[in-house]
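See structure below.
Protein chains: 2
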Amino acid sequence: MAAPGRTAAELAERLLGGDRRALARAISLVENDDPEGWALVREVYPHTGRAAMVGFTGPPGVGKSTLIGALVKNARGRDREVAVLSIDPSSPFTHGALLGDRIRLTDHFLDPGVFIRSMASRGSLGGLSEATLQAALLMDAAGKDDVFLETVGVGQAEVDIIDHADTVVLVLMPGSGDSIQALKAGVMEIPDVIVVNKADHPLTDTMVREIRGVLSLGPQEGWRVPIVRTEASKGAGVEEVVQRLHDHRAHIEAEGTLEERRRRNLMNEVMALAALRLRRRLEESVGRDPDVQALLDEVVGRRLDPASAAAQLLERNSG
Amino acid sequence: MAAPGRTAAELAERLLGGDRRALARAISLVENDDPEGWALVREVYPHTGRAAMVGFTGPPGVGKSTLIGALVKNARGRDREVAVLSIDPSSPFTHGALLGDRIRLTDHFLDPGVFIRSMASRGSLGGLSEATLQAALLMDAAGKDDVFLETVGVGQAEVDIIDHADTVVLVLMPGSGDSIQALKAGVMEIPDVIVVNKADHPLTDTMVREIRGVLSLGPQEGWRVPIVRTEASKGAGVEEVVQRLHDHRAHIEAEGTLEERRRRNLMNEVMALAALRLRRRLEESVGRDPDVQALLDEVVGRRLDPASAAAQLLERNSG
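For the protein sequence lines, the chains are A and B, in the order given.
Numbered as in the numbering used here, the first sequence ends at 319 without a single skipped number.
Numbered as in the numbering used here, the second sequence ends at 1319 without a single skipped number.
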């Protein structure tokens, strides 16, 4: 206990001082579910809550990373320290398909004021969402002013990840028909800011009109979701995105919804972590515990229903 | 205990006899998380495992319900009893946006050999996935030969729901650019059968070529994912979909992967149910238990980190 405790404390001190190698190592610990990683987050947690966290989601190929690259450049021009966390939920089917996107951030690789990291799915989106928050907290504690979270896809699971952010940006491009349909059908949550990238495309106006139509179906009070046109690769429209992010933050601070959002997210997080830990504990017991294995065999043999088996498992683990 | 037990037993008997009102009532019990619903599933579970379960997913508007309607008609022509379960993950933002799709199934509303039901998200996709399996088991126990599960969207959460099926069908239409990108990037899992609906569209060939390109990046052994063109509204291509579903089932039965798939899904289900129950128990305790409330206040106040709070909660509930 003593040695790892000391290591965590040392690492925490370097991290709080803004040391990027300490931050990189800390995130690896969290990503690998190392107990020392959790100890570290525990240590630095009181120093968190200061960074502005912005989440970016949208289908692959719309230019999220290019936009984030442009926003990083803008933030650096205002002397803000930035961290980018890309969460890659790719299935094992096509490894590294998103790497192309990542490379667009290389402009900033040598800038000590920018920290870039990606984390990959390890099959459990629940677990990935938890690891995302831990990593974001570490970035926050390391003194980053802006933390940009990026994920790919527009389903509920991706939204859960991005929900750790204070402001959620949906990035689309002309031709993102499926996403518009998903917004329209209410399958996708309404974000705080919508960016239509690659806005030199002739179908941009149609797209913006369609989005407006969808938004007009929603609540008409409170925050009005702005639609910003960008050509991120040329930097066009990026200033306006920065302004809208600023506006949204001012709005949620003034309304008290920032605190409310964070409170709700942290509570969800605690519940999710507790449930996840229990699930891991149960999963580990399957291989080791012949009784658990026998219970599952009963389920597969259609002699014991899944809910009864779950109740029995929970009972055993609460005994 | 005695009275509800008797009711469940009576309801179970009627359900096993194929009584549709009993089935409808049973699903409502499960949907409302009524303990009697769980008792019922426990009762009829030994009579499940017989139905062919097919899951359909894809973005909104591609014509999934029209296709399912055509498949229902085809199955009825072969004297098979069919159940359709539509799972609607719409956010509260736009209620009933998918109703238009549903209406296309009304042809079958009066046919006693067809049972149609939709279930809506209640904010917890985890819980919805569990309720889906319970409802599908009830349909299976009621003697349906085919159970069609339908969901909207193509994220991980939707795939989790559809994973209860033996065969997964992805339905697209020309212009489903986001979905192709998601397949390509590995964000979306590769399904067992791909249907390109509305195949009278001039861009159909391009779309099929793109899908072939994506599939060629994947594993080249085992089951080859067929791409079927349909115009479901005219019935065109539906016979071929039926044939491909049959082929896939024959393939997984011959290879033993049907048993393997079901075993894996049931095991995941038991773990998920146990974790979900714990989470519900914890969530309920927040309102009632001042100690839990105090613990969460510590987290929001940045004095106690989320993981430590989760561990303490789990400890308390295992004590």
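Note that CB positions come from ideal geometry on N, CA and C, so glycine has one too.
The structure presented is a predicted model; accordingly, all values stated were derived computationally and were not measured.
For the ligand FMN, I want to know if residue i counts as a neighbour, meaning its beta carbon is within less than 7 Å of at least one of the ligand's heavy atoms.
i	result
Leu1278/B	With respect to the ligand FMN, the structure offers nothing, as it holds no ligand at all.
Beta strand (DSSP E) containing residue i: first to last residue?
i	result
Ile1116/B	1114-1120
Ser1086/B	1082-1088
Thr167/A	167-172
Val1195/B	1193-1196
Leu1149/B	1146-1151
Ile227/A	227-229
Could you tell me which chain B residues have their CB closer than 7 Å to the CB of residue i, listed as they occur along the chain?
i	result
Val299/A	Leu1266, Val1270
Need the endpoints of the alpha helix (DSSP H) that residue i sits in, please.
i	result
Ala250/A	238-255
Ala1052/B	No alpha helix (DSSP H) contains Ala1052/B, which is instead part of the beta strand (DSSP E) from 1052-1057.
Leu40/A	35-44
Arg20/A	20-31
Ile211/A	204-215
Val1292/B	1290-1300
Ile1068/B	1064-1077
Ser1179/B	1177-1184
For a contact meaning CB atoms closer than 7 Å, what does residue i contact in chain A?
i	result
Thr1061/B	According to the sequence as given, residue 1061/B is Gly; it is not Thr. Correct list: Gln181.
Please work out which residues of its chain come closer than 7 Å, Cβ to Cβ, to residue i, disregarding the five sequence neighbours upstream and downstream, and give them in chain order.
i	result
Gly1301/B	none
Leu11/A	Ala22, Arg25, Ala26, Leu40
Glu81/A	Gly113, Gly143, Lys144, Asp145
Ala1008/B	Glu1036, Ala1039, Leu1040, Glu1043
Skipping 5 residues on each side, what residues in its chain have a beta carbon closer than 6 Å to that of residue i?
i	result
Ala135/A	Ile27, Val30, Leu85
Thr1094/B	Caution is warranted here: a pLDDT of 41 is assigned to Thr1094/B, below 50, making its placement in the model unreliable, and no coordinate value can be reported.
Gly123/A	Any answer about Gly123/A is weak, because its pLDDT of 44 lies below 50 and its placement is not dependable; what the coordinates show is given next. Excluding residues within five positions, none has a Cβ falling inside 6 Å.
Leu1215/B	Val1225
His1251/B	Trp1223
Pro60/A	Val152
Asp101/A	The predicted model places Asp101/A with a pLDDT of 46, which falls under 50 and marks its position as unreliable, so this point remains unresolved.
Glu1231/B	Ala1199, Asp1200
Leu304/A	Glu298
Gly1018/B	Ala1142, Gly1143
Thr48/A	Leu137, Asp140, Ala141
Run down chain A in chain order and give the residues with a C-beta less than 9 Å from the C-beta of residue i.
i	result
Thr1284/B	In the sequence on display, residue 1284/B carries Glu and not Thr. Chain A residues near Glu1284/B: none, gap ~11 Å exceeds 9 Å.
Leu1296/B	Arg263, Leu266, Met267, Val270
Given that residue i touches chain A, what residues does it touch there, using C-beta distances under 8 Å?
i	result
Ala1275/B	Ala275, Leu276, Leu278, Arg279, Leu282
Val1152/B	Ala182, Ala185, Val187
Within its chain, find whatever has a CB closer than 8 Å to the CB of residue i; leave out the 5 residues flanking it on each side and keep chain order.
i	result
Leu15/A	Ala22, Leu23, Ala26, Leu40, Val44, Leu138, Ala141, Ala142
Ile1190/B	Leu1183, Leu1215, Gly1218, Val1225
Leu296/A	Val286, Ala309
Leu1110/B	none
Asn1032/B	none
Arg261/A	Asp166, Ile252
Arg1020/B	Pro1112, Phe1115, Ala1142
Touch test, the stretch 158-175 of chain A against the stretch 241-251 of chain A, Cβ-Cβ under 8 Å, three pairs minimum: Judged by Cβ distances under 8 Å, the stretch 158-175 of chain A makes contact with the stretch 241-251 of chain A, as three or more pairs qualify.
Members of the stretch 1165-1191 of chain B near chain A, C-beta cut-off 8 Å: So the list reads Gly1175, Ser1176, Gly1177, Asp1178, Ser1179, Gln1181, Ala1182, Lys1184, Ala1185, Gly1186, Val1187, Met1188, Glu1189, Ile1190, given in the order they occur along the chain.
Near-chain B residues of the stretch 38-50 of chain A - C-beta to any C-beta below 9 Å: So the list reads Trp38, Val41, Arg42, Glu43, Val44, Tyr45, Pro46, His47, Thr48, Gly49, given in the order they occur along the chain.
Segment contact flag, the stretch 39-58 of chain A with the stretch 219-227 of chain A, C-beta cutoff 8 Å, min 3 pairs: Contact fails: fewer than three Cβ-Cβ distances are below 8 Å.
Short-range partners of chain A found in the stretch 1302-1313 of chain B, where Cβ spacing is below 8 Å: Within the stretch 1302-1313 of chain B, the qualifying residues are Arg1302, Arg1303, Leu1304, Asp1305, Pro1306, Ala1307, Ser1308, Ala1309, Ala1310, Ala1311, Leu1313.
Cβ pair count under 8 Å reaching 3, the stretch 282-291 of chain A against the stretch 252-266 of chain A: The answer is no - the stretch 252-266 of chain A does not touch the stretch 282-291 of chain A, with fewer than three Cβ pairs under 8 Å.
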